[in-house]
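Presented below is the structure to which this report refers.
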Amino acid sequence: MNKNIAISVNNIHKTFRLPHDQHSGVKQYILNLFRRNRVKGYENQHVLKGINFEIKKGEFFGIVGRNGSGKSTLLKLLAGIYVPDKGSIVVNGTLVPFIELGVGFNPELTGRENVYLNGALLGFSRNQMDEMYDEIVEFAELKKFMDQKLKNYSSGMQVRLAFSIAIRAETDILVLDEVLAVGDEAFQRKCSDYFSKIRDDKNKTVILVTHDMASVKKYCDRAVLIKNGEIVLEGSPLDVANEYTLINFDAASTTTNDDKKNDIYALAIKPISERVLKSGNDMTVEILYKLDKESDLEMLFPSVALYINNTPIVFDTIRDKGVKNKIGINKVKYSYPTKDISEGSEIKVVAELWQRGRNRDDDTEAAFIDTKDAAIFKISSSKESPNGDIFRTRGEWGYDS
Numbered sequence: 166m167n168k169n170i171a172i173s174v175n176n177i178h179k180t181f182r183l184p185h186d187q188h189s190g191v192k193q194y195i196l197n198l199f200r201r202n203r204v205k206g207y208e209n210q211h212v213l214k215g216i217n218f219e220i221k222k223g224e225f226f227g228i229v230g231r232n233g234s235g236k237s238t239l240l241k242l243l244a245g246i247y248v249p250d251k252g253s254i255v256v257n258g259t260l261v262p263f264i265e266l267g268v269g270f271n272p273e274l275t276g277r278e279n280v281y282l283n284g285a286l287l288g289f290s291r292n293q294m295d296e297m298y299d300e301i302v303e304f305a306e307l308k309k310f311m312d313q314k315l316k317n318y319s320s321g322m323q324v325r326l327a328f329s330i331a332i333r334a335e336t337d338i339l340v341l342d343e344v345l346a347v348g349d350e351a352f353q354r355k356c357s358d359y360f361s362k363i364r365d366d367k368n369k370t371v372i373l374v375t376h377d378m379a380s381v382k383k384y385c386d387r388a389v390l391i392k393n394g395e396i397v398l399e400g401s402p403l404d405v406a407n408e409y410t411l412i413n414f415d416a417a418s419t420t421t422n423d424d425k426k427n428d429i430y431a432l433a434i435k436p437i438s439e440r441v442l443k444s445g446n447d448m449t450v451e452i453l454y455k456l457d458k459e460s461d462l463e464m465l466f467p468s469v470a471l472y473i474n475n476t477p478i479v480f481d482t483i484r485d486k487g488v489k490n491k492i493g494i495n496k497v498k499y500s501y502p503t504k505d506i507s508e509g510s511e512i513k514v515v516a517e518l519w520q521r522g523r524n525r526d527d528d529t530e531a532a533f534i535d536t537k538d539a540a541i542f543k544i545s546s547s548k549e550s551p552n553g554d555i556f557r558t559r560g561e562w563g564y565d566s
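The sequence shown runs 166 to 566 under the numbering used here.
Given below as structure tokens:
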């Protein structure tokens, strides 16, 4: 293997058996033999399907994908926990996985005792642990609690302690599985500083698995996107992050119901424009709603609410704006300009169907009678947007029936 390559993954396949006939003992096994409608045997779950990539030495490499895509299985293959059914993995250097922080902790031992226990598991001598003990405790911010039993720690305290020990590992390659979400906000800033430091250390190779696209864009030099056990994109962190966002939209953000014979029901919202938008491009959705009775024509009307980073910004309806309802399926397009919305912002558009009060001039009588999941958009960025970024919305909804 090229000496500049830290990890080479070649045509990896991994399959698990999913048994249908479960039993915990001889008695249960015999009873299952006579059970009606018994589903026999097992099925194969093909988790990874021909994965290929190389990671250069000194590279900060991101692996992203939705839950169930095969990321955790891939990490365990890299760490040597699993063995591939087919293909090969070559690791050039020592590798330490941060996959399950706190594995090996004993709840009946004190925090101090667990520090030395975990240090031994990482290959450190007693003298080495003596030298780094104060640094570990200071980083974890647990000085007052080190002589308490671990079972009395909160889950956050345990993870902080485990992380503080793990980062002392002397290794060439770090495998990090969602560890950037460790602890509270203050501790996460310390973790961020640590990862910024190792990112600049070209003797360290880092593999980061995360759902946080801001971290991918901030830290990673290159990334891959895994979907259904296959790599669907490999390239720049920005491209991979945007594609990951689109996959999540396709899975969860559109509200049409594919299981129905007719995907138009009481109320639906469909994104028309691209869902990862460049700042300045209009965001457009289509609202579809169904009216069955003549009495609904002047009583029911659709509306949209706009949220930016979960903050409500704009609410609007087409009521009294010249749009005529009809019996059957009605369609209204809404557009909104994004030129004053910050890069990196997430935009959520919620559709509602409102009912007019008996007094046409009294808005207080109106109340929504149906609401569905939102369509979600994102303003693309070439870099991570700073926290607390200010956005301004000067536009108004445009609509077209």
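Glycine included, C-beta positions come from ideal geometry on N, C-alpha and C.
Counting along the chain, I478 sits inside the beta strand (DSSP E) bounded by residues 476-482. For the 9 Å CB-CB criterion, K316 and P272 form a contact.
Between the region 247-258 and the region 169-179, the count of Cβ pairs shorter than 8 Å is three or higher; the stretches touch. Distances from the alpha-carbon of K221 to those of I372, S545, L462 put I372 closest. Along the region 278-312, the alpha helix (DSSP H) occurs as fully enclosed runs of 4 or more residues at 291-305, listed in sequence order. Where M448 is concerned, the enclosing beta strand (DSSP E) starts and stops at 448-456. L453 places its beta carbon less than 9 Å from that of I494.
For K362, the enclosing alpha helix (DSSP H) has its first and last residue at 350-364. Short of 8 Å from the beta carbon of D312, and not among the five residues preceding or following it, lie these beta carbons of its own chain, in chain order: T275, G276, R277. K382 and L403 do touch by the CB rule: their CB atoms are close to 6 Å apart, below 8 Å.
Under the DSSP assignment, A470 falls in the beta strand (DSSP E) whose first and last residues are 465-473.
Ranked by Cα distance from K443, the first of A331, I506, M322, T375 is I506. Taking the Cα positions, M448 is about 25 Å away from R231.
Assignment of F270 by DSSP, reduced to helix, strand and coil, places it in the coil class. Counting C-beta atoms within 10 angstroms of its own C-beta, G509 has 16 or more neighbours from the protein chains shown and is therefore classed as buried.
Contact check between the region 282-298 and the region 236-246: fewer than three CB pairs, one atom from each, fall below 8 Å, which does not count as touching. E408 and K504 have their C-alpha atoms spaced approximately 22 Å apart.
Here F304 is near S329, since their CB atoms are less than 9 Å apart. The C-alpha of I177 lies about 36 Å from the C-alpha of K355. Contact annotation: A470 and E517 have beta-carbon atoms nearer than 9 Å.
Per DSSP, the unbroken beta strand (DSSP E) holding G227 starts and ends at 225-229. Residue pairing from DSSP places I544 in a beta bridge opposite L442. Less than 9 Å divides the Cβ of A540 from the Cβ of P436. At a Cβ-Cβ threshold of 9 Å, I338 and K362 do not count as neighbours.
Rounded to whole angstroms, the separation of the alpha carbons of K489 and S460 is 13 Å.
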